[in-house]
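Residues 637 to 894 (the numbering used here) are what the sequence shown spells out, left to right.
Every residue gets a Cβ at the ideal spot worked out from N, C-alpha and C, and that includes glycine.
All figures in this text were calculated on a predicted structure; none of them were measured in a lab.
Reviewing the structure listed below.
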Amino acid sequence: MLELIDESLESFLRATVPLSATDVDVSFEAPDREWGAKLTRPTVNLFLWDIRRSSDRSNSGVRTVVHNGQTVRQSALPVVELRYVVTAWTSDLGDERALLAGLLRTLLAHGQVPREFLADDLAGIEMPVIKIARAGEDHMDVFKALEGKVKPGLNIVVSSEFDTGVVLPVGPPVEVIETAIGRIGEPERERRRRVAGEIVDAAGRGAIGAIARSPIDAVRVDPAGRFLLRAREGDEIVVDIEPAAVATVPRDGGVRIE
């Protein structure tokens, strides 16, 4: 996933600074002397030097998502902070300053990486937050990283959700809820069920909002054509439409009215 964040950052900076693909290269390699000696064109370097779990942005809970065509449950995605040092490399000092100024202007003007620049595989995460590190916060010693070469750099922090890929299949829908009534130590005297029902083409049949009845309960059909009411095995459920829709409660499961 880190390479997808890199790809998204490059797309974002190329479009907003802007950085022409024919004039400026973008690199994520370690900017040491050996790397610098090979440069032949103006280059923006984004070097990832630190990865931490975010203490400011933390998520909790469980959400239902579609993963590889299957509905699954997924814990809230952890948020990580990616720290980059951004440097500009040109043969002319004036060009370097202009390139660095364009990067600074863009990073100050945007608090997030807009969704249109995110890699396709990051469509399921929130837009990453991007900011320049403040004075006093952790930063990279640029001069040490560049083996003593004096060069200004921008320390930025990208906070992004990180998809761990851990999911759990969603269980089957609840069709019946049963409760038993009785005294402790005595056999149960009555078993009650809440039976789920579904009406095929409920809207076309005028069943939305109609009353669904059993001998011991009555409820309205919801906008999705479903209902949940108390009933016993063998009871008839009648939906008040024309003509009336009738179903018999089975021993197990709910009812589907065709």
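Buried/exposed call for residue i, threshold 16 Cβ in 10 Å
i	result
Pro667	buried
Gly747	exposed
Ser656	exposed
Ala867	buried
Leu729	exposed
Val882	exposed
Asp692	exposed
Ser796	buried
Glu646	buried
Asp871	buried
Pro886	exposed
Ile852	exposed
Pro678	buried
Leu743	buried
Leu649	buried
Leu865	buried
Leu638	exposed
Ala724	buried
Ala745	exposed
Ser850	buried
Ala838	buried
Arg829	buried
Integer Cβ distance of residue i from residue j, believed to fall under 8 Å
i	j	result
Ile857	Ala848	Checking the sequence shown, residue 857 turns out to be Val, not Ile. The pair is a contact, with the Cβ atoms about 6 Å apart (cut-off 8 Å).
Gly890	Gly833	6 Å
Ala843	Gly861	6 Å
Val708	Pro859	The pair is not a contact, with the Cβ atoms about 26 Å apart (cut-off 8 Å).
Gly789	Val680	About 11 Å; that fails the 8 Å criterion.
Asp799	Gly760	7 Å
Ser644	Leu713	At roughly 16 Å, the Cβ-Cβ gap does not stay under 8 Å, so Ser644 and Leu713 are not in contact.
Coil, strand or helix - residue i by DSSP
i	result
Ala673	helix
Ser647	helix
Glu797	strand
Asp642	helix
Pro679	The sequence given here has Thr at residue 679, not Pro. In the structure shown, Thr679 sits in a strand (DSSP, three-state: E or B).
Thr884	strand
Just checking, does the stretch 717 to 724 make contact with the stretch 682 to 690 on the three C-beta pairs under 8 Å criterion? yes
Going residue by residue through the stretch 848 to 882, where are the continuous beta strand (DSSP E) segments of at least 3 residues, counting only ones entirely within it? 853 to 856, 862 to 867 and 872 to 875
Fully enclosed by the stretch 703 to 783, which beta strand (DSSP E) runs are 3 residues long or longer? 706 to 711, 715 to 725 and 765 to 768
At least three beta-carbon pairs within less than 8 Å, the stretch 734 to 741 to the stretch 759 to 767: no
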